[in-house]
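Quick notes on the structure that follows.
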Amino acid sequence: MNIIIMGCGRVGAQLAEMLDAEGHHVTVVDTDPYSFRRLPHSFSGSAELGNGMDQDFLRHAGIEQADVFVAATQGDNRNIMAAQIAKHIFKIPKVICRIYDPIREEVYRTLGLQTISPTTVGARMMKEAIERQG
Amino acid sequence: MYIIVIGGGKVGYYLTKTLLAEGHEVLVIEKDARKCETIAEELGSIVLRGDGCEVRTLAEAGCNRADMLIAVTGHDEDNLVACQVGKHKFQVPRTVARVNNPKNANIFEILGVETTISSTDLILAHIEHELPTHPLIHLLTLKGIGLEIVELKIPADSAVVGRRIRDIPLPSDSVLALIISKSKGAQVPGGDTVLAVGDEVIAVTKPENEPALRVAFTHT
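Protein chains in written order, with this note's numbering: chain A, 69 to 202; chain B, 228 to 447.
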């Protein structure tokens, strides 16, 4: 599959590494060139420097051929806007959007985005870990 | 009207000031404490410190009774989310967003933000309007029906000078609405109206027919 990951932070880079190792064609985009240091030497995909909310740049990064778009920057609103551009303008079949704010996550899930809130997931897992100990 | 303005920067500040002067009830939502202080000092206690994209802040602002939400921060993503949250969580009837990158206007429109304002486009349009050599000027885009209103100035060397309107081949879906001539002033054009040098033609057309319309009136 052709996969575009926006945001080369810890999550974005690790996801890119995992998908790349499985043989997918991965393109990581980030506005900070220093962020690409997180990609391992073995990474065979591409890293593009630019703003994932810019439609011209997304075209340049190959979004028109993408099967999957993942928005994983630190900014909820940036992720939301880029994910909606991928879904509604470029009609990418699978779009995944990280949203830290659980309430905002609920709003956009209702609006049809496939969302993940690390806040909700993290808190739930910690709670489960505590209960397992008990 | 009760209007919520998101973003207390320069645009937000002057917008709020104007809206207040027009008698509207206005609340500005701004993250930065110092900007909030300045606004409160100068315009009164009409400012709420907080993130205008957050449901909680908008609830505190009484968003459910707002007639309009205007998002004018310097970040398109924040303006988009504020409008969408206002619309879908609080059913604000009308949302307006400032768009910093004019190319983002399409995504705002697709996602149901009623009005987008791009300062870049506005400045460009004004430059276009001020350039006397430019034969076709955009006056208004009628978004809902995909038409636009344009103004054409008949140049001295145009082949349409001295011709009747019925003899000028117009592109499809184009209508001449008004002719403004130096001698006769504004007149509703008929088939027998004859065009003269310097006449201004106000026409309604589809964006894709605009080049053909320009050619029809300016070719020599």
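Here a beta-carbon is modelled for each residue, glycine too, at the ideal position from N, C-alpha and C.
Check                                                                                                                           : Outcome
Counterpart residues of B:Tyr229 in DSSP-defined beta bridges                                                                   : B:Glu252
Nearest neighbour of B:Val232, chosen from B:Asp294, B:His353 and B:Gly412 [CA to CA]                                           : B:Asp294
Outcome for B:Thr243 when other beta-carbon atoms lying within 10 angstroms are tallied against a minimum of 16                 : buried
B:His302 to B:Gly235 span [Cα, whole Å]                                                                                         : 13 Å
Expected contact under 8 Å - CB spacing of B:Val274 and B:Cys263 to nearest Å                                                   : 5 Å
Nonlocal neighbours in the same chain, by C-beta distance under 6 Å from A:Ala154, ignoring five residues either side           : Phe137, Ile160 and Val163
CB contact below 7 Å: A:His156 versus chain B                                                                                   : yes
Contacts of A:Leu179 in chain B (Cβ-Cβ under 7 Å)                                                                               : His315
Element boundaries [alpha helix (DSSP H), containing A:Phe137]                                                                  : Premise fails: A:Phe137 lies in the beta strand (DSSP E), Val136 to Ala139, not in any alpha helix (DSSP H).
Chain A contacts made by the segment 229-247 of chain B, where a contact means CB separation under 8 Å                          : none
Validate contact between the segment 371-390 of chain B and the segment 437-447 of chain B using beta carbons, cut 8 Å, 3 pairs : yes
Continuous beta strand (DSSP E) stretch holding B:Ala430: start and end                                                         : Glu427 to Thr432
DSSP-derived helix/strand/coil call for B:His365                                                                                : strand
Stretch pair the segment 170-180 of chain A + the segment 304-322 of chain B: three plus CB contacts closer than 8 Å            : yes
Where B:Asp394 sits in the DSSP three-state scheme                                                                              : helix
Per DSSP, the bridge partner or partners of B:Lys380                                                                            : B:Glu427
Selected residue, minimal CA-CA separation from B:Val428, among B:Arg261, B:Arg321 and B:Ile392                                 : B:Ile392
Residue burial classification, B:Gly279 (beta-carbon count within 10 angstroms, cutoff 16)                                      : buried
Minimum length 3: unbroken beta strand (DSSP E) runs contained in the segment 81-163 of chain A                                 : 93-98, 114-117 and 136-139
Burial state of B:Leu307, where buried means 16 or more other Cβ atoms lie within 10 Å                                          : buried
is_contact[A:Met69, chain B] using C-beta, thresh 7 Å                                                                           : no
Alpha-carbon to alpha-carbon, A:Glu85 and A:Gln201                                                                              : 33 Å
Backbone CA spacing between B:Val388 and B:Thr420 [nearest angstrom]                                                            : 11 Å
Pairwise C-alpha distance: A:Pro186 and B:Ala248                                                                                : 45 Å
B:Thr342 to B:Arg441 span [Cα, whole Å]                                                                                         : 28 Å
Spatially closest choice to A:Ile167 from A:His156, A:Thr183 and A:Ala129, by CA coordinates                                    : A:Thr183
B:Gly277 vs B:Ile256 beta-carbon contact at 7 Å                                                                                 : yes
Residue(s) in a DSSP beta bridge with B:Gly412                                                                                  : B:Ser408
Coil, strand or helix - B:Gln311 by DSSP                                                                                        : helix
Cβ-Cβ distance between B:Ala439 and B:Pro398 below 7 Å                                                                          : yes
Where the beta strand (DSSP E) containing A:Ile73 begins and where it ends                                                      : Asn70 to Met74
Test: A:Arg146 CB closer than 7 Å to a CB of chain B                                                                            : yes
7 Å Cβ cutoff met for A:Ser114 and A:Thr95                                                                                      : yes
Residue from B:Pro416, B:Lys433, B:His251 and B:Ile266 whose Cα sits closest to the Cα of B:Leu374                              : B:Lys433
B:Cys263 - DSSP class collapsed to helix/strand/coil                                                                            : helix
For B:Val340, three-class secondary structure by DSSP                                                                           : coil
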